[in-house]
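A.B. asks: Quick one: the structure is below, questions incoming.
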Amino acid sequence: MSIDLRSRVLAAFHETYGDAPSLLVRAPGRVNLIGEHTDYNDGFVLPLAIERAVWIALRPTGDARVRLRSLDFGDTREAGLEGLEALAGRVEDMSWFEYVRGSLWTLGRSGGRLDGWEGVVAGDVPVGAGLSSSAALEIATLRAATALSGEPWNAGVMAKLGQEAENRWVGMNCGIMDQMISAGGRAGHALLIDCRTLETSSVTLPAGTAVVVMDTATRRGLVDSEYNERRSSCEEAARLLGVKALRDVSVADFEEGAGDLPPTIRRRARHVVTENGRTLEAAGTCEPDRLGELMDESHRSLRDDFEVSTTRLDLMVEIARQTDGCFGARMTGAGFGGCAVALVEAGSSDGFTATVSRRYAERTGLEPMLFATTAADGATIEPSGSPS
Ligand code: GLA
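Per this note's numbering, residue 148 is the first one in the sequence shown, and the count goes up by one each step.
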C-alpha cells in the first residue's frame with residue numbers, strides 16, 4: 148500500500164515541479180490497543196503506528212512560503228511563514244492545510260528554523276476514522292520542516308508541537324497520544340507511553356497474535372464537543388478528588404473516595420482509573436487471552452461508563468468476538484464512530500477479516516474496511532530517488 152503511495156507522491160512531485168524532490172518524509176497513523184481517553188488525564192496508553200501514513204515530497208524554495216499540493220483533496224494551498232502568530236486560533240476555513248500551517252506556527256514559535264518549501268502530500272490513513280490522520284499530517288509536516296533545516300528529531304518535543312497545533316490552531320483539545328506514536332513509534336512494537344512524563348517503553352505483542360483494524364464505515368459526529376465535554380468531566384473529577392489528574396487515583400482510592408461524586412462524573416472517572424490499570428497490565432502480559440480480556444473490558448467501560456461508543460462500534464466488536472481466532476476487541480480512538488481493533492490469532496487474520504466484513508455488511512448494509520497491520524516505525528525520512 149505505502150510503496151504505491153510513495154511512487155504516486157514522487158511521480159506527482161515530478162509532474163508538478165518538473166524535477167525530483169530533495170526530500171521525502173512519511174509519518175504514520177496509529178491504532179490504540181488499549182488506554183483510551185487516558186492521555187489527557189496524565190495516564191497510560193498502548194498504541195502502535197500502522198502501515199498507513201501521510202507522505203510529503205518536497206524541495207526548498209529559498210522564499211518564506213510553503214506551497215503544498217494535496218493529491219487526496221485535489222487542491223494546492225500556499226502560506227507565508229511570517230505573521231502566522233496573528234492568525235492563531237482565528238482560522239475559519241478549517242481545511243487539511245490548517246494542520247500544516249498550525250504545525251509550522253508551533254515550530255516557529257518554539258524557536259525552530261522555518262525555511263520555504265514546496266511539495267506534494269498524500270496519505271492512506273482514512274480521514275475521520277479514529278486512526279489519527281490529522282496527527283500524521285502534523286508530524287509529517289514537522290518531519291519535513293526539521294529535515295530541511297537539519298534540526299535533530301526529538302519525538303517528544305515534536306509530538307508536543309503537533310499537539311499544540313491541534314489544540315491552539317485547529318481548536319481540538321486532544322491529548323498527546325496520537326502525535327507521540329506518529330513521531331516515535333517503533334516497528335514491530337507497541338509503545339507504552341506515560342502521558343505525564345512522556346517516557347516510553349517498547350512492548351512486544353504476545354507471540355502468535357496479529358492486530359486487525361476494523362473500520363465501521365461510519366464517521367465521527369459531534370466528536371469535538373463531546374470530546375471536550377468528557378475532558379472537562381475528568382478535570383472536574385480530579386478537582387473533586389483533590390488530585391492533579393485522574394492518573395493519581397488508584398482503583399482502591401477510587402472505590403474509597405468517589406462515593407460523593409455526581410453520578411455521571413463518577414462513571415467518567417471510573418473508566419479512566421480502571422483503564423489505566425488495564426493498560427499497565429496489558430503492557431506486561433504475554434498471554435494473548437489475558438490481553439484480549441483486557442481489551443474486552445476496555446470496550447465495556449468505554450461503552451457504559453465513558454459513553455463514547457456507538458451502536459455500530461458495539462456491533463463490530465460483538466461480531467469480532469463471535470468470529471473464530473479473536474482474543475479480544477474494542478473501539479479505538481476517541482469514539483463516536485470510526486474504527487474498532489481486534490487482537491486475533493496470527494494465522495487466522497485473513498479468514499477473520501473476510502468473515503467479520505461479511506457479517507457486518509449483512510447486518511448493516513454498510514461496507515466496512517478491515518485490514519491487518521503490523522507495527523510500523525514512527526516518522527521517517529525516506530530515500531527520494533526518482534519514481535520507477
Ligand atoms: C483522540 C485524541 C487522543 C486521545 C484519544 C482517546 O484520538 O486525539 O489524544 O485522547 O482520542 O484516547
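Cβ coordinates follow ideal geometry from the N, Cα and C atoms, glycine included.
In this text, all values refer to a predicted model and were calculated from it rather than measured experimentally.
Report the residue from T479, D497, Q469, G335 whose alpha carbon sits nearest the alpha carbon of R367.
C.D. replies: By one-based count along the sequence shown, residue 367 stands at place 220. Of the candidates T479, D497, Q469, G335, the one whose C-alpha sits nearest the C-alpha of R367 is T479.
A.B. asks: I need the straight-line Cα distance from G146 to A200, nearest angstrom please.
C.D. replies: What the structure shows of the chain is the stretch from 148 to 535, and residue 146 is not part of that stretch, so it cannot be assessed.
A.B. asks: Quick check: the segment 391 to 406 against the segment 185 to 202, are there 3 or more CB pairs under 8 Å?
C.D. replies: In short, these stretches touch, since the Cβ pair count reaches three.
A.B. asks: Compute every distance between the C-beta of E311 and the non-hydrogen atoms of ligand 1, then say whether any falls below 7 Å.
C.D. replies: Position 164 of the sequence shown holds residue 311. No.
A.B. asks: Ligand 1: which residues have Cβ under 5 Å from any of its heavy atoms, chain order?
C.D. replies: After applying the 5 Å Cβ criterion, the set is E183, H184, D186, C321, G322, M324, D325, G480, A481.
A.B. asks: Relative to the C-alpha of D166, which residue among R173, V156, P175, V172 is closest?
C.D. replies: In the sequence shown, residue 166 corresponds to position 19, counting from 1. Considering only alpha carbons, the answer is V156.
A.B. asks: Rounding to the nearest angstrom, what Cα-Cα distance links A233 and W243 in this structure?
C.D. replies: On the sequence shown, position 86 is the one that residue 233 refers to. On the sequence shown, position 96 is the one that residue 243 refers to. Cα to Cα, A233 sits roughly 20 Å from W243.
A.B. asks: Determine the direct distance from the alpha carbon of R447 to that of T163, and round the result to whole angstroms.
C.D. replies: Taking the first residue of the sequence shown as 1, we reach residue 163 at position 16. Taking the first residue of the sequence shown as 1, we reach residue 447 at position 300. If I take the Cα positions, the gap works out to 49 Å.
A.B. asks: Given a threshold of 16 other Cβ atoms within 10 Å of its Cβ, counted over all protein chains shown, does R260 qualify as buried or as exposed?
C.D. replies: Here residue 260 refers to the residue found at position 113 of the sequence shown. Counting Cβ neighbours within 10 Å, R260 comes out exposed, since fewer than 16 surround it.
A.B. asks: With a CB to CB cut of under 6 Å and the five nearest residues on each side skipped, what residues in its chain are close to I340?
C.D. replies: For the purposes of this step, residue 340 is taken as the residue at position 193 of the sequence shown. Around I340: V192, M327, T347.
A.B. asks: Roughly how many angstroms lie between the CA atoms of R468 and P273, to the nearest whole one?
C.D. replies: Counted from its first residue, the sequence shown places residue 468 at position 321. Counted from its first residue, the sequence shown places residue 273 at position 126. Each residue's alpha carbon lies about 24 Å from the other.
A.B. asks: Can you tell me the Cα-Cα spacing of S456 and V420, whole angstroms?
C.D. replies: Indexing the sequence shown from 1 puts residue 456 at position 309. Indexing the sequence shown from 1 puts residue 420 at position 273. Each residue's alpha carbon lies about 18 Å from the other.
A.B. asks: For T253 versus A312, is the C-beta spacing smaller than 8 Å?
C.D. replies: One-based indexing of the sequence shown puts residue 253 at position 106. One-based indexing of the sequence shown puts residue 312 at position 165. Contact flag set, yes.
A.B. asks: So what's N314 in DSSP terms, helix, strand or just coil?
C.D. replies: Locating residue 314 in the sequence shown gives position 167, counting from the first residue. Three-state DSSP puts N314 in a helix.
A.B. asks: Can you tell me the Cβ-Cβ gap for L152 and A269, rounded? I've got them flagged as a contact below 8 Å.
C.D. replies: Residue mapping note: residue 152 aligns to position 5 of the sequence shown, counting from 1. Residue mapping note: residue 269 aligns to position 122 of the sequence shown, counting from 1. That pair is a contact at about 6 Å.
A.B. asks: Determine, using beta carbons only, whether L462 comes closer than 8 Å to chain E.
C.D. replies: You won't find chain E in this structure, because it holds only one protein chain.
A.B. asks: In the DSSP output, which residue or residues are listed as bridge partners for F518?
C.D. replies: As a working note, residue 518 is residue 371 in the sequence shown. Answer is V360.
A.B. asks: In the DSSP assignment, find the unbroken alpha helix (DSSP H) run with W252 in it and report its ends.
C.D. replies: Against the sequence shown, residue 252 aligns to sequence position 105. Note, W252: alpha helix (DSSP H), 244 to 256.
A.B. asks: Considering only the beta carbon of each residue, do G277 and G485 sit closer than 8 Å?
C.D. replies: As a position in the sequence shown, residue 277 is number 130, starting the count at 1. As a position in the sequence shown, residue 485 is number 338, starting the count at 1. Contact flag set, yes.
A.B. asks: Take M516 as the anchor and find which of G475, L460, V398 has the nearest alpha-carbon.
C.D. replies: One-based indexing of the sequence shown puts residue 516 at position 369. Selected option, being the one with the closest Cα: L460.
A.B. asks: Which residues in the same chain as P207 place their Cβ atom closer than 8 Å to its Cβ, once the five residues preceding and following it in sequence are excluded?
C.D. replies: Position 60 of the sequence shown, counting from 1, holds the residue named residue 207. These residues qualify, in order along the chain: S169, D262, G263, W264, L295.
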